[in-house]
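Colleague:
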Amino acid sequence: MARAPLIDGHGRRIGDLRLSVTDRCNFRCQYCMPAEGLPWLDRDEVLRFEEIERIVALLAEMGVRDLRLTGGEPLVRRDFPQLVRMLAPLVDDLSITTNGYLLERDADALVAAGANRFNVSIDSLQRDRFFEMTRRDALPRVLAGLRALAAHPEAHPIKVNAVAMRGFTEEEVIPFAEFAREHPYEVRFIEFMPLDAGHAWSPDQVLTGEEIRAAIHAVYPLEPEPREPHATARTYRFADGRGRIGFINPVSEPFCGDCNRIRITAEGRLRTCLFSLNETDLRGPIRAGADDDELEAIIRAAVWRKELKHRVNEPGFVQPDRPMSAIGG
Ligand code: SAM
Ligand code: SF4
């Protein structure tokens, strides 16, 4: 059944859902989670597969055709490939953001289940620095997962995401540029955002995309590619034709103007911005027996109030209580 498009109060048509399938994670990245972890949700607090399927189907009827599954770490959710198999037919594009730790185990099953795009997060190509950032000595295993994924032509182009932090990432920039030139991976640097569990973020810790771009361009000249509508990344190709690289610059160059994204947390709360201070419960109404029309009305009312833009760079910015792992990046 087709429903009217989902539109916010600023006239933006919502087409992209980022859905978190778990708040748990097997890593403890400095910029995301404390070393001791966080108080996890109880199992019955987390949306069940059938509940997720229902929400995705309803949103798809309203024109949400891009779905990204994330977390926490999505691959730690039990039977995750089965969920992918349930959801893939409902949308045009199903992508997964993962830290790659379990990819060697799951790449074949996920591709077979219908996942067609992957973002693998890697912050350093040096084992000891990877350990420092993620608090897990897991770089060889993550690289093995990446290779398992690369064996599937359907999964290309594979994106490798690195969070850019001043005082850490500078050393990684040229090795990552070379990685992107030598392998079929598009490396993308993401500016460090105020979504860390410790609320220790400060603007001077952000290594901007432009600084990184300039450093790469000085060694390996880059040419800009046209920006696609709703894109989060500014992409460049290497001038000699070998590889591509991207920059996600939410802090230094916010891209809120044509944002078409909404998010749903693992416990079924709808968030209309990464930095939202309000959220809307969907699990409660679903478990209380709301029908699809009632659920649609709740979703439309929340989306209508979607924030015009984030206020990270403005005085008085308030960081949300939830860290990135509990939102779903
Ligand atoms: N665990 C999976 C992973 O790491 O890819 C998926 C969830 S993780 C929250 C999604 C993305 O958010 C990752 O690429 C991660 O690096 C990024 N991220 C986490 N905290 C961040 C922060 N404070 N600023 C910028 N990016 C962040
Ligand atoms: Fe886990 Fe991803 Fe957060 Fe790292 S960024 S702690 S892998 S959820």
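The numbers in the sequence shown follow my numbering, run straight up by one, and end at 338.
Glycine included, every Cβ here is placed at the ideal spot set by N, Cα and C.
Within 8 Å (strictly less), CB to CB, does P48 reach chain B?
Modeller: Protein chains in the displayed structure number just one, and chain B is not present.
Colleague: Secondary structure at G154, three-state DSSP: helix, strand or coil?
Modeller: Indexing the sequence shown from 1 puts residue 154 at position 145. Of the three classes helix, strand and coil, the one that applies to G154 here is helix, per DSSP.
Colleague: At the level of alpha carbons, what is the spacing between L15 and E220?
Modeller: Residue mapping note: residue 15 aligns to position 6 of the sequence shown, counting from 1. Residue mapping note: residue 220 aligns to position 211 of the sequence shown, counting from 1. Distance between the alpha carbons of L15 and E220: 37 Å.
Colleague: Quick one: Cα of F127 to Cα of I105, how far?
Modeller: By 1-based counting over the sequence shown, the position of residue 127 is 118. By 1-based counting over the sequence shown, the position of residue 105 is 96. Rounded to whole angstroms, F127 to I105 spans 5 Å at the Cα level.
Colleague: Which first and last residues belong to the alpha helix (DSSP H) in which R33 is found?
Modeller: By one-based count along the sequence shown, residue 33 stands at place 24. Segment: none, R33 is in no alpha helix (DSSP H) and carries neither H nor E.
Colleague: What are the start and end residues of the beta strand (DSSP E) that includes G341?
Modeller: Missing from the structure shown is residue 341; the chain here goes from 10 to 338 and no further.
Colleague: Counting C-beta neighbours from all protein chains within 10 Å, is the total for P329 16 or more, i.e. buried, or is it exposed?
Modeller: Translated into the one-based positions of the sequence shown, residue 329 becomes position 320. Buried: at least 16 other Cβ atoms inside 10 Å.
Colleague: Below 8 Å between beta carbons: does that hold for D17 and V312?
Modeller: Here residue 17 refers to the residue found at position 8 when the sequence shown is read from its first residue. Here residue 312 refers to the residue found at position 303 when the sequence shown is read from its first residue. Closer than 8 Å, so yes.
Colleague: Do I167 and V129 have their CB atoms nearer than 8 Å?
Modeller: Residue mapping note: residue 167 aligns to position 158 of the sequence shown, counting from 1. Residue mapping note: residue 129 aligns to position 120 of the sequence shown, counting from 1. Their beta carbons are under 8 Å apart, which means I167 touches V129 by this criterion.
Colleague: Helix, strand or coil: how does DSSP classify A348 here?
Modeller: Outside the modelled stretch of the chain, which goes from 10 to 338, sits residue 348, for which no answer is possible.
Colleague: In chain order, which continuous runs of the beta strand (DSSP E) of length 3 or greater are located wholly inside the region 20-103?
Modeller: 25-29, 75-79
Colleague: Find the nearest neighbour of L26 within the set R33, N35, E70, P324, judged by alpha-carbon distance.
Modeller: Counting from 1 along the sequence shown, the entry for residue 26 is found at position 17. Closest by alpha carbon: E70.
Colleague: At a cut of 8 Å, does the region 311-325 reach the region 277-285 through at least three beta carbon pairs?
Modeller: yes
Colleague: With a threshold of 7 Å, establish whether the CB of S334 neighbours any heavy atom of the ligand GTP.
Modeller: The model depicted lacks the ligand GTP and carries the ligand SAM and the ligand SF4 instead.
Colleague: Which word fits G337, buried or exposed, when buried means at least 16 other C-beta atoms lie within 10 angstroms of its C-beta?
Modeller: Position 328 of the sequence shown, counting from 1, holds the residue named residue 337. By the 10 Å Cβ count, G337 comes out buried.
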